[in-house]
Amino acid sequence: MKALWTVCMKELRELSRDRRTLMLALVMGPLLVPAMLFGILTLAQSRAKSQIEKPLQVAIVGADRAPELVKWLAAEGIERKRLAGDPDAAIRSQDEDAYLRIGDAFAKDWQAGNPALVEIVHDSTRQDSTIPVKRIENALQRYGQQVGALRLLARGVNPAVAAPLSVAHKDLSTPEARRGMLMAILPYFLILSAFIGGAYLIIDTTAGERERQSLEPLLATPAARGAIVSGKIVAASLVGLTTLLLTLVALKVGAQFAPGIGRMMDVSLLAIGKMLLVLLPMLFIGTALLTFIAAGAKSVKEAQSYMSMLMLLPIVPTVVLMVSPVRTQLWQYTVPFLAQNQMLLKVIRSEPVAMLEWAVYFGAGFGLAALLWFAATRRYHQERLAIST
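Each residue of the sequence shown is one higher than the one before, starting from 4 at the first, in our numbering.
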């Protein structure tokens, strides 16, 4: 145990001398993740709010065929816009989000009491057009319902006859769960922060020492190799834990400066504590796995090449759940990355976590970390690790 702590303090002391790496690991990472998250979400929220609240300027082709409709839309905040040139070309070039085309036979069909054609022309692959198109569609739907009701009244028919069903929604979701839906990307950032939090130290103390040819003297000491590798893992875990704590603190502070986004998630001290508990197994899994991989690399460059692949692992469950949502089941708490994603979503949505779920989660998480720790220790028993080329 004494050898373990000696190696741990040695690695931490050497890291403290490298000021640039220390600043990158303990400052840039924890600040960058919350800043990027809140910045992107705040920008998206501000853009959506401006599109919903401000008057909408829309080109209307054939407006002279439906003057009353044009006036009604203007009263709804959808004003007519003069557009020179081909409107379809303006949509394709992204100069316009959408425009209305009044059918050639609109007046004839209107007088005959038949459905009159009004087209909403837009590009469905552009997210910018989603809100304007929805506003136009809702306004046209309200106009159609209002005119339809007036036509029935003019004929002495109760408009309710045309509506045999009254469909209502009863939403049983909690406000915290609805707000948490907008923060679905947050688990990825937190899992990634825990997974590679100690990567800087691990790569330097494994592949870096091998490249500098300083590993052989360390292995020649009387200290057991298990104590040496465990000291390195403990040092990297302490750095990763510090990074994780700073990230969570920055997340809580950032929520105070972004009140609109901050209200979408639970950032109380209890929630922050639960997030830390959830991410602890991933911290040790990531540190032990990186130690195992980087110990076999002959240079820092080779070890860093694995990072791009490893950084993709935490995003897999996030993407899968977005594309194909599944019901939460107990077995999911045994799957790395998926388990952390599900647990963090529960915390963000302020949902209770059963004691059995905590037990399965910690058992599977720390069990995998122990196996990877053992594998990294066994790798250090290979004599070829002392050879740099």
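Every residue, glycine too, gets a C-beta built ideally from N, C-alpha and C.
Nothing here was measured: the structure is a model prediction, and the numbers come from that model.
Start and end residues, beta strand (DSSP E) containing residue i
i	result
Leu103	Ala101 to Ile105
Glu140	Taken as a continuous stretch (DSSP letters only), Glu140 belongs to no beta strand (DSSP E), being part of the alpha helix (DSSP H) at Thr133 to Ala157.
Glu122	Val121 to His125
Ile194	Run containing Ile194: none in the beta strand (DSSP E); it sits in the alpha helix (DSSP H), Leu189 to Phe198.
Val338	Note, Val338: premise wrong, no beta strand (DSSP E); not H, not E.
Leu59	Leu59 to Val64
Glu212	Glu212 -> not in any beta strand (DSSP E); alpha helix (DSSP H) instead, spanning Glu212 to Arg215.
Arg83	Ile81 to Lys84
DSSP three-state assignment for residue i, whether helix, strand or coil
i	result
Thr392	Legend: pLDDT at Thr392 = 47, less than 50; position of this residue unreliable, value from coordinates given subsequently. Thr392 falls in the coil class under three-state DSSP.
Thr380	helix
Lys349	helix
Ala227	coil
Ala166	coil
Gln332	coil
Met358	helix
Asp112	helix
Lys235	helix
Tyr364	helix
Pro317	coil
Residues near residue i in its chain [Cβ-Cβ closer than 6 Å; skip 5 each side]
i	result
Arg86	Just to set this straight, residue 86 is Leu in the shown sequence, not Arg. Ala62, listed in sequence order.
Lys277	Val350
Ala197	Leu247, Leu282, Met285 and Leu286
Glu99	Ala93
Other residues of its chain near residue i: CB distance less than 8 Å, five sequence neighbours each side excluded
i	result
Ile194	Leu282, Met285, Pro317, Phe340, Gln343, Asn344 and Leu347
Gly151	Pro162 and Ala165
Candidates the options, of which the one nearest residue i by Cα
i	options	result
Leu204	Gly276, Ala77, Val237 and His384	Val237
Val232	Arg145, Ala298 and Asp126	Ala298
Thr208	Glu140, Gly116 and Glu17	Glu17
Arg382	Phe295, Glu354 and Val64	Phe295
Pro190	Gly151, Leu279 and Ala93	Leu279
Pro162	Gln149, His172 and Gly234	Gln149
Ile288	Thr224, Gly366, Pro70 and Lys5	Gly366
Met312	Leu153, Leu333 and Leu293	Leu293
Sequence-distant residues of the same chain with beta carbon closer than 7 Å to residue i, five excluded per side
i	result
Ser391	Bear in mind that the predicted position of Ser391 carries a pLDDT of just 49, short of 50, making it unreliable; the figure below should be weighed with that in mind. Counting only Cβ-Cβ distances below 7 Å, and skipping sequence neighbours, we find Arg213, Glu214, Gln216 and Lys301.
Leu76	Ala142
Tyr364	Tyr336, Ala342 and Met346
Leu7	Ala230, Ser233, Gly234 and Val237
Val251	In the sequence on display, residue 251 carries Leu and not Val. Once the five neighbours on either side are set aside, the close Cβ partners of Leu251 are Ile275, Met278 and Leu279.
Nearest-angstrom beta carbon gap, residue j and residue i [assumed within contact, 8 Å]
i	j	result
Ala101	Val73	That pair is no contact at about 16 Å.
Val303	Ala210	5 Å
Ala291	Trp361	Contact flag wrong, Cβ pair sits at about 21 Å.
Where the alpha helix (DSSP H) containing residue i begins and where it ends
i	result
Lys277	Leu272 to Ala298
Ala77	Pro70 to Ala78
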